[in-house]
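Quick notes on the structure that follows.
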Amino acid sequence: MLSDSSSHVFSLKNRLRHPNSAVFSRSSSLPFRISPSALKFGAIDFKMSSPNYTLSCNCNSNSKTDIPTVDLGLEHLNLDRFVDVGNELADASGDVIRKYFRKSFDILDKEDLSPVTIADQAAEELMVKIIEKNFPSHAIFGEENGWRCKENVADYVWVLDPIDGTKSFITGKPVFGTLIALLHKGKPILGIINQPVLRERWIGTIGRRTTLNGQEISTRSCPQLSKAYLYTTSPHLFSGDAELAFARVRNKVKVPLYGCDCYAYALLASGYVDLVIESGLK
Numbered sequence: 001m002l003s004d005s006s007s008h009v010f011s012l013k014n015r016l017r018h019p020n021s022a023v024f025s026r027s028s029s030l031p032f033r034i035s036p037s038a039l040k041f042g043a044i045d046f047k048m049s050s051p052n053y054t055l056s057c058n059c060n061s062n063s064k065t066d067i068p069t070v071d072l073g074l075e076h077l078n079l080d081r082f083v084d085v086g087n088e089l090a091d092a093s094g095d096v097i098r099k100y101f102r103k104s105f106d107i108l109d110k111e112d113l114s115p116v117t118i119a120d121q122a123a124e125e126l127m128v129k130i131i132e133k134n135f136p137s138h139a140i141f142g143e144e145n146g147w148r149c150k151e152n153v154a155d156y157v158w159v160l161d162p163i164d165g166t167k168s169f170i171t172g173k174p175v176f177g178t179l180i181a182l183l184h185k186g187k188p189i190l191g192i193i194n195q196p197v198l199r200e201r202w203i204g205t206i207g208r209r210t211t212l213n214g215q216e217i218s219t220r221s222c223p224q225l226s227k228a229y230l231y232t233t234s235p236h237l238f239s240g241d242a243e244l245a246f247a248r249v250r251n252k253v254k255v256p257l258y259g260c261d262c263y264a265y266a267l268l269a270s271g272y273v274d275l276v277i278e279s280g281l282k
């Protein structure tokens, strides 16, 4: 996710048995979730160790200073064009998803037993068609149907998750979201979290401040871990060393909260919570 604050780096060294564990906080960010080597955290100084890993954090307070220009060699990049298409993707997928929300439909299970619905599949296919129409040379990596690319290589890759939080979607809880990201040569330059039921849309673009429905937003300062509000999807997703590490953080925060899916990251970007910790991300 793209940050509109100063640098807050939470480094996870030697993440031996849990390469998919991740910690995100205090940064307005791109909405797709991958295993990072540099992770964001709040305005605290924090460290804990075990024989298998070290968690360390050295942070500064949130900053509202201007975002520095980032040079990715994109002399002809038209971010506004990408944002326009990103909004079109969010609008189109949102129309599909709302049609199925709290309605009866078939639920299928993937190989990993995670659920998928007709809404997931229809929303992704519609987004793919829009991208192929506007940017036929771009590659697409979708949650439901994987990699698509008409060329041998592609500088631009769209990453799509039509419904992040399918279990919340099928149980009628509007904390799921549509995640849309655009990478240029492996670096994220655009990210969108769209909550189609609540009609809330977070947009982050490189070099610009994150917005919610067109209004600039910011993370909030959190001077101490003991004052932090923490979100995670479920404590049951942690196991082994990751479970122990999560428990140590959970026991130090002011309020641990559960069951928010990608919406927690949006609340983090808006400054309503201070820390999001997840495990088992793919």
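Heads up: the sequence shown is residues 1 to 282, going by our numbering.
Glycine included, every Cβ here is placed at the ideal spot set by N, Cα and C.
{"Item": "Nearest-angstrom Cα separation, counted from LEU190 out to CYS262", "Value": "16 Å"}
{"Item": "In chain order, each alpha helix (DSSP H) run of at least 4 residues that lies wholly inside the stretch 103-178", "Value": "118-134, 166-170"}
{"Item": "Per DSSP, cross-strand counterpart(s) of ILE203", "Value": "ILE192, THR211"}
{"Item": "Beta-bridge pairing of ILE217 - partner residues as DSSP gives them", "Value": "DSSP output for ILE217 lists no bridge partner at all."}
{"Item": "Beta-carbon spacing of SER234, GLY259 below 8 Å", "Value": "yes"}
{"Item": "With 16 other Cβ atoms within 10 Å as the buried cut-off, status of ASP120", "Value": "buried"}
{"Item": "Span of the alpha helix (DSSP H) around TYR100", "Value": "79-100"}
{"Item": "For VAL253, the nearest candidate out of TYR265, GLY271, ALA228, TYR272 (CA to CA)", "Value": "ALA228"}
{"Item": "Contacts around ALA154, its chain only, beta-carbon distance under 8 Å, and the 5 residues preceding and following it disregarded", "Value": "SER137, HIS138, ALA139"}
{"Item": "Supposed close pair VAL96, ASN134 - CB separation, criterion 8 Å", "Value": "Contact flag wrong, Cβ pair sits at about 18 Å."}
{"Item": "Strand pairing of ILE187, partner residues [DSSP]", "Value": "Note on residue identity: the sequence assigns Lys, not Ile, to residue 187. According to DSSP, which records beta bridges pairwise, LYS187 is partnered with HIS184."}
{"Item": "8 Å Cβ cutoff met for ILE193 and ALA92", "Value": "no"}
{"Item": "Host alpha helix (DSSP H) of VAL249 (start-end)", "Value": "240-250"}
{"Item": "Test item: CB-CB of GLY142 and VAL128 under 8 Å", "Value": "yes"}
{"Item": "For LEU275, the three-state DSSP class (helix, strand or coil)", "Value": "strand"}
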